[in-house]
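Using the numbering used here, you'd call the opening residue of the sequence shown number 193 and step up by one each time.
Even for Gly, the Cβ is constructed at its ideal location relative to N, Cα and C.
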Amino acid sequence: MSEKQIESSPEQAAWVREQFQKANGYLVEKGILTDQVLVKESRYLIPHISLWKFTERGTTEKVWAVCGVCPTDHVDAAVAGNARDALKHFCLRWQLRADTILNDPKSDETQQKFAQLLISHAEACYELVEQESFWQDK
């Protein structure tokens, strides 16, 4: 979505701020301090998901963070050149993690349920990846 569309609705602007705070807070919890968000490369698929590209404080490193109605997660920005590819990467990552859990004979019922949750989020997010309208500049 373009910034004009976001600014047109106070609810949308509040959602974007909330997602930014959630992503940035998650990165801080993981020990990643950021300098800035690269707004032009980030993407907000309101009210589903937000993908943020941050620069790490004191370095030239960048990181993608995802949050919304999916697991909050992050990955080195080198794995994806744009937000759409970053979301594809997260989907694959969640599927692989779920597969590892499901194939581990030591995983318990809670872990199995978590794996199923990862699969459902990966599938739902991949549906967003496939929708051209979400990725066109408006």
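- With fewer than 16 other Cβ atoms inside 10 Å of its own Cβ, Val261 counts as exposed.
- A residue is called buried once 16 or more other Cβ atoms fall within 10 Å of its Cβ, and Ala270, having fewer, is exposed.
- Taking the CA atoms as reference points, Asp227 sits about 42 Å from Pro297.
- Look at the segment 259 to 309 and you find these whole runs of alpha helix (DSSP H), each 4 residues long or longer: 275 to 294.
- Secondary structure note for Ser325: its alpha helix (DSSP H) is the uninterrupted segment Glu324 to Trp327.
- Under the DSSP definition of a beta bridge, Trp256 partners with Lys245 and Val267.
- About 4 Å separates the CB atoms of Lys245 and Leu230; that is less than 8 Å, so the two are in contact.
- Nearest C-alpha to Cys283 among Val321, Ser325, Pro239 and Gln211: Val321.
- The beta carbon of Val267 sits closer than 8 Å to the beta carbons of Val255, Trp256, Ala278, His281, Phe282 and Arg285 from its chain, once the five residues preceding and following it are set aside; these are given in chain order.
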